[in-house]
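K.L.:
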Amino acid sequence: MGSGYSRGQLTDLGRWNAQVSLNHLTIHDAADGLAKAAFSSQELSEAVHRQIARVEETVHAFHTVLTEPAKAPSTLSNPDSLLQGIPLGIKDNICTEDVVTTCGSRMLEHFIPPYNATVMTRLEGHGAVLVGKTNMDEFAMGSSTEHSAFQPTRNPWGLDRIPGGSSGGSAAAVAAHECIAALGSDTGGSIRQPAACCGVVGMKPTYGRVSRYGLVAYASSLDQIGPLTKDVTDAAIMFEAIAGHDVKDSTSVTMPIPTIAKALHRNMTEIRIGIPDEYFADGLDPEVNDGVRAAIHVLTACGAKTKAVSLPTTPYGIATYYLIATAEASSNLARYDGVKYGYRSSQREDLLEMYCQTRKEGFGAEAKRRIMLGTYALSAGYYDAYYGKAQQAREMIRADFETAFQEVDVIITPTTPTPAFRLGEKTDDPVQMYLSDIYTISANLGGFPAMSVPCAMSHGGLPIGMQILGRWFDELTMLQVAFAFEQETDWHLKRAPISEDSNG
Amino acid sequence: MSVYEVVIGLEVHAQLRTRSKLFCGCSTAFGAESNTQTCPVCLGLPGVLPVLNQTAVEMAIRAGLALNCSITVPNQFARKNYFYPDLPKGYQISQFDLPICQNGWLEVGEGDQTQRVRIRRAHLEEDAGKNIHQAGSGVSHMDVNRCGMPLLEIVTEPDLRSVDGAVAYLKTLKDILVYLDVCDGNMEEGSLRCEPNISLRLQGQDAFGTKVELKNINSFKFVKHALDYEIQRQETVLADGGTIDQETRSWDAERGVSVIMRSKEEAHDYRYFPEPDLMPVEISTKWIDELRSSLPELSQAKRERFVAEHGLPAYDVALLTASRPLADYFEACVAGFPNPKTVSNWIMGELLHALKNNNCEVIDSPMKPARLIALMKLVDDQTISLKTAREIFLDLFLSQQMPMDFVQERGLMQISDDSAIETLIAEIVRTHPQQCAEYQSGKETLMGFFVGQVMKASKGKANPQKVNTLLRQRLMSEKVES
Chain A
1 MGSGYSRGQL TDLGRWNAQV SLNHLTIHDA ADGLAKAAFS SQELSEAVHR QIARVEETVH
61 AFHTVLTEPA KAPSTLSNPD SLLQGIPLGI KDNICTEDVV TTCGSRMLEH FIPPYNATVM
121 TRLEGHGAVL VGKTNMDEFA MGSSTEHSAF QPTRNPWGLD RIPGGSSGGS AAAVAAHECI
181 AALGSDTGGS IRQPAACCGV VGMKPTYGRV SRYGLVAYAS SLDQIGPLTK DVTDAAIMFE
241 AIAGHDVKDS TSVTMPIPTI AKALHRNMTE IRIGIPDEYF ADGLDPEVND GVRAAIHVLT
301 ACGAKTKAVS LPTTPYGIAT YYLIATAEAS SNLARYDGVK YGYRSSQRED LLEMYCQTRK
361 EGFGAEAKRR IMLGTYALSA GYYDAYYGKA QQAREMIRAD FETAFQEVDV IITPTTPTPA
421 FRLGEKTDDP VQMYLSDIYT ISANLGGFPA MSVPCAMSHG GLPIGMQILG RWFDELTMLQ
481 VAFAFEQETD WHLKRAPISE DSNG
Chain B
505 MSVYEVVIGL EVHAQLRTRS KLFCGCSTAF GAESNTQTCP VCLGLPGVLP VLNQTAVEMA
565 IRAGLALNCS ITVPNQFARK NYFYPDLPKG YQISQFDLPI CQNGWLEVGE GDQTQRVRIR
625 RAHLEEDAGK NIHQAGSGVS HMDVNRCGMP LLEIVTEPDL RSVDGAVAYL KTLKDILVYL
685 DVCDGNMEEG SLRCEPNISL RLQGQDAFGT KVELKNINSF KFVKHALDYE IQRQETVLAD
745 GGTIDQETRS WDAERGVSVI MRSKEEAHDY RYFPEPDLMP VEISTKWIDE LRSSLPELSQ
805 AKRERFVAEH GLPAYDVALL TASRPLADYF EACVAGFPNP KTVSNWIMGE LLHALKNNNC
865 EVIDSPMKPA RLIALMKLVD DQTISLKTAR EIFLDLFLSQ QMPMDFVQER GLMQISDDSA
925 IETLIAEIVR THPQQCAEYQ SGKETLMGFF VGQVMKASKG KANPQKVNTL LRQRLMSEKV
985 ES
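Protein chains in written order, with this note's numbering: chain A, 1 to 504; chain B, 505 to 986.
1. Determine the chain B residues that contact G517 (chain A) at a beta-carbon separation under 8 Å, and present them in chain order.
2. What does V555 (chain B) reach in chain A if we use C-beta pairs closer than 7 Å?
3. Report the neighbours of D988 (chain B) on chain A: residues whose CB is nearer than 9 Å to its CB, in chain order.
4. Pop quiz: Q357 (chain A) and T415 (chain A) are said to be a contact at Cβ under 8 Å. What is the actual Cβ separation, rounded to whole angstroms?
5. A329 (chain A) and I371 (chain A): beta carbons closer than 8 Å?
6. Under DSSP, the beta strand (DSSP E) around D647 (chain B) begins and ends at which residues?
7. Assuming I264 (chain A) and V232 (chain A) make a contact with CB atoms under 8 Å, what is their CB distance in whole Å?
8. Counting only Cβ-Cβ distances shorter than 8 Å, please list the residues of the stretch 572-599 of chain B near chain A, keeping chain order.
9. For a quick check, are the C-beta atoms of A831 (chain B) and K806 (chain B) less than 8 Å apart?
10. What separation, rounded to the nearest whole angstrom, lies between the Cα atoms of Q750 (chain B) and A567 (chain B)?
11. Quick check on V727 (chain B): does DSSP put it in helix, strand or coil?
12. Under 8 Å between beta-carbons, which chain B residues line up against F111 (chain A)? List them in chain order, please.
13. Check distances from the C-beta atoms of the stretch 362-381 of chain A to those of chain B and list, in chain order, the residues that come in under 8 Å.
14. Within 8 Å of any Cβ in chain A, is that where the Cβ of L655 (chain B) sits?
15. Using the Cβ count rule (16 or more neighbours within 10 Å means buried), how would you classify N843 (chain B)?
16. So is P463 (chain A) buried or exposed if we call it buried at 16+ other beta carbons inside 10 Å?
17. Does W755 (chain B) come out as helix, strand or coil in the three-state DSSP assignment?
18. Following the continuous alpha helix (DSSP H) through S797 (chain B), name the residue where it begins and the one where it ends.
19. Using the C-alpha atoms, what's the distance from I636 (chain B) back to G760 (chain B)?
20. What residue from A:T477, A:I225, A:A30 has the CA that sits closest to N267 (chain A)'s CA?
21. Give the list of continuous beta strand (DSSP E) stretches no shorter than 3 residues that lie fully inside the stretch 859-936 of chain B.
22. When the Cα atoms are used, what is the spatial distance from T75 (chain A) to L82 (chain A)?
23. State the beta-bridge partners of H517 (chain B) as determined by DSSP.
24. Checking 8 Å against the spacing of the C-beta atoms, do G551 (chain B) and A117 (chain A) come in under that value?
25. Cα-Cα, which of B:Y774, B:N862, B:I787 is closest to A582 (chain B)?
26. I need the boundaries of the alpha helix (DSSP H) containing W472 (chain A), first residue and last residue.
27. Let me check understanding here. Comparing Cα to Cα, which of A:D223, A:A235, A:E146 lies closest to V174 (chain A)?
28. Closer than 8 Å, CB to CB, is S331 (chain A) near chain B or not?
29. Tell me, please, whether the CB atom of Y115 (chain A) is closer than 8 Å to any CB atom in chain B?
30. Considering only residues of the same chain and omitting the five flanking positions on each side of A404 (chain A), which have a CB-CB separation below 8 Å?
31. Under the assumption that M107 (chain A) contacts G362 (chain A) (Cβ atoms under 8 Å), give the Cβ distance between them as a whole number of angstroms.
32. By DSSP, does T75 (chain A) sit in helix, in strand, or in coil?
33. Using a Cβ-Cβ cutoff of less than 7 Å, which residues in the same chain neighbour T300 (chain A) once the five nearest sequence positions on both sides are dropped?
34. Compare the C-beta of R775 (chain B) against all C-beta atoms of chain A and say whether one is closer than 8 Å.
35. Can you name, in chain order, every residue of its own chain whose Cβ lies under 6 Å from the Cβ of D337 (chain A), other than the five neighbours on each side?
36. Against P544 (chain B), what residues of chain A qualify as contacts under a CB-to-CB distance less than 7 Å, listed in chain order?
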């Protein structure tokens, strides 16, 4: 990827340091500045680290902050990439060689992977710089980042608010400008929901687009890695860098990745937007409803057509998701048994006690709840009624969307039922917490690409997200719609209060 | 005859002879130092994913076709969940409702005794590691080298009715797997493991009795022993009016008894579900057809052909077809020396003896068919005697020389030239006038004496048949002359 500028063509240098501190830049603006030698990647990194020093104690977006890159800079050199020298936050369930990867769990508090996730290898190939590992709900199980075993992350827009989850650390780090962009993972909305809560762009690619190798599995058939960024262009840049077939992941597809970042302009008159009634029903906060509907008007004003579509299986989404995801999780988390690595209880008179105590002490309440749920769903005598039924429901949900996508190019819904709720508000009520993902989980069950873009603000000053869903492997159209909206609005330019105290 | 009929079904785990493991690139070589053949994938580290070994799939299909199975398309992997320290992921990747091979059969036994044993299924799965418990120390060690080794689990219907039948099935199965080159058949190294299900029922009764599963039979020779023991045990329980509990028992080879491992109530709930990290395995009809047409001739068919084509005795055929490399060796020799019985004699005698003495496999024999053919030809055209050929065999076996060079270098060629032998005979006759006269006067037993003298004079190299003929002529002519 070339920025279109050659070094030495120095124009408009003053823009970079006079008006914005470098950590506020997007990837494409930073790449532009680096290409023009308006500043160095060292200065960019320093700006990011100054911001971390200033706000991190309040926000707690990171679990681990690296003061020096894990890899020698010489191995990071890729002058052709827009990501060269760009400081990124990486969710702490994505394995980073020689850098502790905890998954927000006591179980892996000291786990240092001897290998990189494929997405890390690819980002390093682009010359990107790892700033740190971002906080998350334990094993990506949660919608508020309060289930981190270490500490909750706070929403940069309101410090008494949750940042969403489970990629709450990544969303908060981007919103607080503690990194230029970040990676998260999305199993039921874990990129899009925090992106909506923190007023950033969050994208879940089609299942199979991005290699899961090195992503610590929560629910293997639903997990997908994706970017959290300051705007749509950055999401496209990140997506292009990490997507594509990987021989180490048999579920990654061999389809070529279209050029997206340079193809975002699209005439909206060619676009048909599906509006599902079921997603604008009871339980939706009126401010969110108004915000998303207003956003749709922006797109229709650009020429897009809207069409009511029906997704009648919507009410089964949550139940289906919590059977399939927990069933897979109960198996995926079996390896944390104290035998080989990770936490081991000191109480270990015999093997069974060692197993039981290790898992009792090493896992938090939510992880244990989901392991039990999933174990139950797969048990002899219950399998057909729970897991089997859930698989059938999953097929029906997928079919609903496929039918809708025969008539429309994208589907637009709210990302979340409400703006970010208060810390502690839902920790005692798991079902209320689960309902935070009611609009996002279908994309995972169906495997469709989906993203959230900031589209409004609540009266209380909290961001509201609009969700755009695309057809299988048609991330391009989805991103084009998001980009068209962004061109007409400035929600993506709004800055969280805590990030505004510019440090120059 | 017992009042009970024995019903046996067998589960056999065959380790496939791939170079790398089922889901990662680690080596499958046997006997390496503990935990040296591992990687993040077979160690089950967080975040890693399995990638299916295509060669293992091919071997499973070949075995399935040889066992008359249908190949399931698509077949699917499933997770079998249980906790044990030798299972790093807390689940084994196996196959459940869609095994790669289904509904086959195997003919066991000869002639009238032939029985068709139905194969219910054969599925691919990964092996677990090994726990090594240090007695008395309270310490257990783990060897992960075996984790992820490719296994084909072959399950019969409960079709076997005797211990001998079960052993015959195992031998036939091993034969086939070794012939297909998909398993080395080495039970002691664990390449072939057998878990029988055994139940008894009254003769003539339709319903099956309660079955007991036997585990931990680590050697072929224990199979018969373990089955006999278990049948005896069940007979005793039933004869005393007791009932058999459905349970899994472990064979203790040292004490020669089976001991209970777990009852039906303690049976695991493995919570099988489709492995989400692997796509269903699609197999094209074209590939199956290619593999079917490239299947080698199996031992049974080969035995029948060896009798029909080469006219060999049953004993020779059984020996020559014991392994595919040996049968191939035989046929290579017959191709260059079309006297099957002579070839068979050389192989069963000198060759196998030399291989055993040198702890060498047929495939690695320094005596290739070309050299054995050349040796047999030297005997056939009387360049050397059969006796000489046998004497030099071991040295020749280890050398790289062609037999002719070997023989020439050592001057071992037989004297077959008439005039040379006649010269020797003339000298012997001249120096033994007394014996000559006695022979001519009717003491024909002296013939052996003369032959011995001529052979001695030739240092054993004279062609004995020629010596006999020429000597007789000479002595007779002496008689006429006198």
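Where is the CB? At the ideal position from N, CA and C, for every residue including glycine. The structure presented is a predicted model; accordingly, all values stated were derived computationally and were not measured.
P.N.:
So, to answer that:
1. No statement about residue 517 (chain A) is possible, as the shown extent of chain A runs from 1 to 504 and does not include it.
2. V247, K248, S250
3. What the structure shows of chain B is the stretch from 505 to 986, and residue 988 (chain B) is not part of that stretch, so it cannot be assessed.
4. With a Cβ gap of about 40 Å, Q357 (chain A) and T415 (chain A) do not count as contacting.
5. yes
6. 643-647
7. Per the sequence presented here, residue 264 (chain A) reads as Leu, with Ile not at that position. Cβ-Cβ separation between L264 (chain A) and V232 (chain A): approximately 7 Å, consistent with a contact (criterion under 8 Å).
8. R583, N585, F587, P589, P592, K593, G594, Y595
9. yes
10. 31 Å
11. helix
12. In chain order: P550.
13. T375, L378, S379, A380
14. no
15. It counts as exposed.
16. buried
17. strand
18. 789-797
19. 22 Å
20. A:T477
21. Not a single unbroken stretch of the beta strand (DSSP E) spanning 3 or more residues falls wholly within the stretch 859-936 of chain B.
22. The pLDDT assigned to T75 (chain A) is 49, lower than 50, so where the model puts this residue is not dependable; a value taken from the coordinates is nonetheless given after this. C-alpha separation (whole angstroms): 16 Å.
23. B:E657, B:R697
24. yes
25. It is B:Y774 whose Cα lies nearest to the Cα of A582 (chain B).
26. For W472 (chain A), there is no enclosing alpha helix (DSSP H), as DSSP gives it neither H nor E.
27. A:A235
28. yes
29. yes
30. Spatial neighbours of A404 (chain A) in its own chain (CB-CB distance under 8 Å, excluding positions within 5 residues in sequence) are listed in chain order as G274, P276, V309, S310, L311, I411.
31. 4 Å
32. Bear in mind that a pLDDT of 49 at T75 (chain A), under 50, signals an unreliable position, so the number given afterwards is only what the model happens to contain. It is helical.
33. T306
34. Interface residue, yes.
35. Y355
36. Ordered by position in chain A, the residues that pass the 7 Å Cβ test against P544 (chain B) are P114, Y115.
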